[in-house]
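In the numbering used here, the protein residues as written are 445 to 759.
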């Protein structure tokens with residue numbers, strides 16, 4: 445288990461350096477699934493949804509009735525954190541401070557939609573997969589790779605490990621992925637459905653990432669993943685703007701079955717901002733680290749490096 449996690453970590457860190465190289469070669473800003481560049485979509489958009497941390501023993505339904513809000517539901521696995529909607533007819537007169545002063549309310553924060561941007565991996569074709577087995581095929585130094593082949597030779601292929609691809613979608617019907625796909629542990633947070641399949645024409649990123657992580661060794665002419673017998677769950681999240689609450693719920697989704705959460709995305713790499721996780725997402729990460737994977741702790745991996753085009757510092 446430790447070995448497979450380690451070389452997956454190496455591969456996912458590799459995404460950032462590859463995507464940085466790819467951006468530098470193209471000389472073009474990264475585009476969203478709708479074809480617009482990052483810099484035009486960095487401003488958060490306020491919603492009428494509020495996340496509220498309530499006192500232990502408080503009934504969120506009763507609180508909704510008392511405050512004339514609409515109760516949406518809990519925030520993922522977070523205990524005592526819930527989502528409430530301010531009805532449109534009350535939006536102008538809504539007084540957040542009055543709600544904040546209620547004894548049942550311990551914390552509250554408005555939810556904003558934020559655009560998340562993809563960290564681009566290479567195409568998975570094994571003869572060219574120098575990151576797995578560098579023979580100098582890309583004019584690089586032979587042997588400078590993730591050192592995964594010796595791990596395979598020890599009989600470690602990812603069996604018993606499940607990777608959740610938190611991204612813009614997962615084409616789970618693809619023959620390289622279908623045998624490893626775990627439908628019961630997948631979810632579409634953009635459309636609130638059980639199918640994480642891509643929707644927009646540009647939703648190719650998650651499928652590519654899944655291929656790099658765990659494409660099956662099935663003899664098909666595509667490449668293989670670093671852990672080609674690992675399970676794959678698709679968590680569709682970044683195809684549309686998302687709130688802090690959505691990110692929190694996605695990063696703890698079925699975290700007893702989803703052992704590794706791969707995130708090849710993040711805020712805009714424009715070298716103009718430093719953005720960390722929101723309050724709910726930070727709580728979700730702490731929850732996953734403490735309670736995920738049956739108490740062993742969820743493993744969270746993020747890619748980095750795309751911002752080199754804008755002289756951003758990945759550190």
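Note that beta-carbon positions come from the ideal geometry of N, C-alpha and C, so glycine has one too.
Nearest to residue i by CA position, among the options, is which residue?
i, options, result
"residue 689", "508, 517, 500 and 487", "517"
"residue 751", "740, 712, 630 and 693", "712"
"residue 653", "545, 741, 599 and 678", "678"
"residue 606", "533, 535 and 628", "628"
"residue 707", "650, 522, 515 and 724", "650"
"residue 530", "545, 507, 501 and 585", "507"
"residue 622", "741, 661, 632 and 637", "661"
"residue 702", "692, 744, 669 and 577", "744"
"residue 617", "659, 600 and 595", "659"
"residue 683", "725, 666, 709 and 704", "709"
"residue 705", "738, 611 and 670", "611"
"residue 501", "549, 536 and 489", "549"
"residue 532", "514, 544, 641 and 546", "514"
"residue 431", "741, 723, 746 and 755", "Given that the chain is displayed from residue 445 to residue 759, the structure contains no residue 431 and the question cannot be resolved."
"residue 525", "494, 634, 590 and 487", "494"
"residue 536", "579, 578 and 491", "491"
"residue 638", "698, 717 and 719", "698"
"residue 735", "522, 588, 721 and 666", "522"
"residue 738", "715, 700 and 720", "700"
"residue 562", "534, 685 and 693", "685"
"residue 740", "730, 747 and 746", "730"
"residue 754", "721, 742, 746 and 714", "714"
"residue 620", "534, 666, 728 and 594", "666"
"residue 642", "609, 672 and 669", "609"
"residue 657", "556, 718, 590 and 645", "590"
So who's on the other strand from residue i, going by DSSP bridges?
i, result
"residue 608", "677 and 705"
"residue 561", "710"
"residue 490", "556"
"residue 637", "632"
"residue 744", "705"
"residue 498", "549"
"residue 625", "676"
"residue 686", "558"
Tell me, to the nearest whole angstrom, how far the beta carbon of residue i is from that of residue j; I am working on the premise that it is less than 8 Å.
i, j, result
"residue 732", "residue 674", "The pair is not a contact, with the Cβ atoms about 18 Å apart (cut-off 8 Å)."
"residue 497", "residue 696", "Not really, about 16 Å apart at Cβ, beyond 8 Å."
"residue 680", "residue 632", "4 Å"
"residue 576", "residue 592", "5 Å"
"residue 676", "residue 640", "About 10 Å separates the two Cβ atoms, so there is no contact after all."
Any idea if residue i is buried or exposed, counting beta-carbon neighbours within 10 angstroms, 16 or more meaning buried?
i, result
"residue 583", "exposed"
"residue 503", "exposed"
"residue 691", "buried"
"residue 757", "exposed"
"residue 511", "buried"
"residue 624", "buried"
"residue 725", "buried"
"residue 647", "buried"
"residue 598", "exposed"
"residue 749", "buried"
"residue 474", "Confidence is the limiting factor: at residue 474 the pLDDT is only 38, short of 50, which leaves the residue's position unreliable, though a coordinate-based value still follows. Residue 474 comes out buried."
"residue 540", "exposed"
"residue 547", "exposed"
"residue 573", "buried"
"residue 489", "exposed"
"residue 634", "buried"
"residue 687", "buried"
"residue 636", "exposed"
- prompt: What are the uninterrupted segments assigned as beta strand (DSSP E) that are 3 or more residues long and contained completely in the stretch 512 to 550, given in chain order?
  reply: 514 to 518 and 525 to 529
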